[in-house]
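Report on the structure given below.
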Amino acid sequence: MVLTTDDLVLYKRCSRRVFLERFGDSSCRESTSGFVRKLQRDSTDHRRQIIANWSEAGSTQRVEFPKGDWNSGAAETLRLMEAGAPLISRGVLIKPAGEDGLDWIGRPHLLVRSPEPSTFGDWSYRPVDIRMGKRPKLEYQLVATFHTILLEMIQETPVRYAEILLRGRSPHRVDLFTRRPQLLELCGDAETVLTSDTLPEYFISRSRCSLCPWLSQCHSQAQQDQHISLIPGVTPTRYRVLAALGMTDLGAIAKADPKDLAKYPELANGGVQNLINQARSCQEKRPVPRRDDTWEQLRQLPKSSVELYYDIEAEPERSVDYLHGVLVVKRDLQRRVISEKFHAFWAETPEEEGTAWNRFVEFMEQYPDAPIFHFCEYEPNTLGKLGKRHGTAAKQVDRLRNRCVDLHAWVTRLFFLPVEGYALKQIAAYLGFSWRDSTANGSQAVFWYDQWLETGDRQLLETIEIYNEDDCWGTYHIAKWFEGLAREDELAIAETA
Ligand code: SF4
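Under this note's numbering, the residue at position 255 of the sequence shown is numbered 312, and the numbers go up by one with no gaps.
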């Protein structure tokens, strides 16, 4: 058995993931999403570009070997190192297993020849890793340390420093002295997991699990167990404290005495009562008001004979905001809906961003008094950014921004909801709205736009537009829910008056 660079990266993110990748039932593994494939392709292109810029033409030697035949790769790498190749790309470094351990296999992006003597002669090598990220994340540093340990063992001389090339930043030199003990501990833990037959526990965390191909499997298990990692606000640190107190199900947290939990700083930070109310909402499957004046506040939500529901699609890698979608809802004096019509302002290529923006601004100015409902801060922030980028008068942009109403802020200020998270899809789905394409999401839209630019397949634009329109309808659904609640409350007040 082996412990590879990829295993280490996966283990650092989630011990269960590395176990499932090695021993899990592959029929339960979802196929890699288009968005993840795009990220992988971007990362490979970036690496190739850096290596091409780094080396003089022809001076980099790439190690080629049959897939999975690590020994051939290691032999070829050793041959190149012994021959003193100045730059070796995708070399294979192997440390054979000790007792009961695993072979360690490292694949640094580059091995760069250095003037310090080694077993090869009056030269040696140092590892260089190339990353798309802009920050030297701990996982990058530990992987670079892993490569360093393997290299030192093979060339029988210390490596002076390992480098990480970050995107748009100066190279980062890894503090090997600090990272070495951390890496050895990580390898020991990963070996324990990979040589055991026990599947590690799951913990559903949006940031960590959202792109994981095992999410369906872990999530359905968590739902079955009513696992508290599904409660918004339960972080891994909080989970450890709650589990030590025996509170591993919704009911236990919902019934907890806030005074008992407030003793623990990990729980107190962020509000014990919030945690309990959130658990109550999930257990009782109903909204729980957050504030004494929730109902009064609800009645303050802007109303108008014309309402605009707005959502943007963007491609961050290309720095382009390529679609402004607006659902226009018109009402009569009794607030009955007269019409609901969606409008899309497209930049079919990144170069058309300014034209799409100007058409959008002109359209919005037809409704100078209409509130602009959106979900989260991206839309108002982007209005400011695009206004500057395309030379729109500040007053004009301010007129748009001042009309923005963030329904995410309204929901999270007024209610705890029985949801696993406060994203638009989760809230609108709880309220009964569903997207026409259940696989669509923001990341997928990034992938589709990228594909459109490459293939010219207009079906992709239509798919994105449907997704964007449904985001506007989902936002509208939340506003209608708010209005319905406010009306019910008014009726209740009138009946008791
Ligand atoms: S879904 Fe989450 S808990 Fe499950 S394997 Fe993936 S990262 Fe780990």
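Note that beta-carbon positions come from the ideal geometry of N, C-alpha and C, so glycine has one too.
Not a single heavy atom of the ligand SF4 lies less than 7 Å from the C-beta of Cys433.
Residue ranges of uninterrupted alpha helix (DSSP H) with 4 or more members, entirely inside the segment 156 to 217 and ordered along the chain, are 195 to 212. Excluding residues up to 5 positions away in sequence, Ile333, Ala336, Arg337 and Gln340 lie with their Cβ nearer than 7 Å to the Cβ of Ala311 in the same chain. Counted as a single uninterrupted DSSP element, the alpha helix (DSSP H) harbouring His276 occupies residues Leu272 to Asp282.
By a beta-carbon distance limit of 8 Å, Ala140 does not contact Arg183. Their separation comes to about 17 Å. In terms of CA proximity to Met210, Ser181 leads the group Thr235, Gly531, Ile221 and Ser181. In the pairwise beta carbon analysis, the segment 98 to 117 is classified as touching the segment 142 to 150: at least three pairs are separated by under 8 Å. When distances are taken from the beta-carbon of Arg265 to the heavy atoms of the ligand SF4, the shortest one is below 7 Å. The beta carbon of Tyr367 is closer than 6 Å to those of Val383, Ile429, His431 and Glu436 in its chain, skipping five residues each way along the sequence. Nearest to Asp378 by C-alpha distance, out of Gly411, Pro270 and Ser396, is Gly411. Per DSSP, the unbroken beta strand (DSSP E) holding Ile429 starts and ends at Ile429 to His431. If only uninterrupted alpha helix (DSSP H) runs of at least 4 residues are considered, those enclosed by the segment 459 to 511 are 464 to 471 and 481 to 487. Counting other Cβ atoms within 10 Å of its Cβ, Met138 reaches 16 or more and is therefore classed as buried.
Comparing C-alpha distances from Ser253 to each of Arg192, Trp538 and Met58 shows the shortest one belongs to Met58.
Taking a contact as a CB-CB distance under 8 Å, the pair Thr202 and Leu222 does not count as one, their CB atoms being some 16 Å apart.
Residue pairing for Pro346: DSSP places it in a beta bridge opposite Phe472. Tyr367 is bridged by DSSP to Val383. A distance criterion of 7 Å places the beta-carbon of Arg73 in contact range of the ligand SF4, judged by its closest non-hydrogen atom. In the three-state reduction of the DSSP assignment, Leu268 falls in the coil class, being assigned neither a helical nor a strand state. Beta-bridge pairing by DSSP links Ala401 to Gly382. In terms of Cβ geometry, Arg265 and Cys71 form a close pair [threshold 8 Å].
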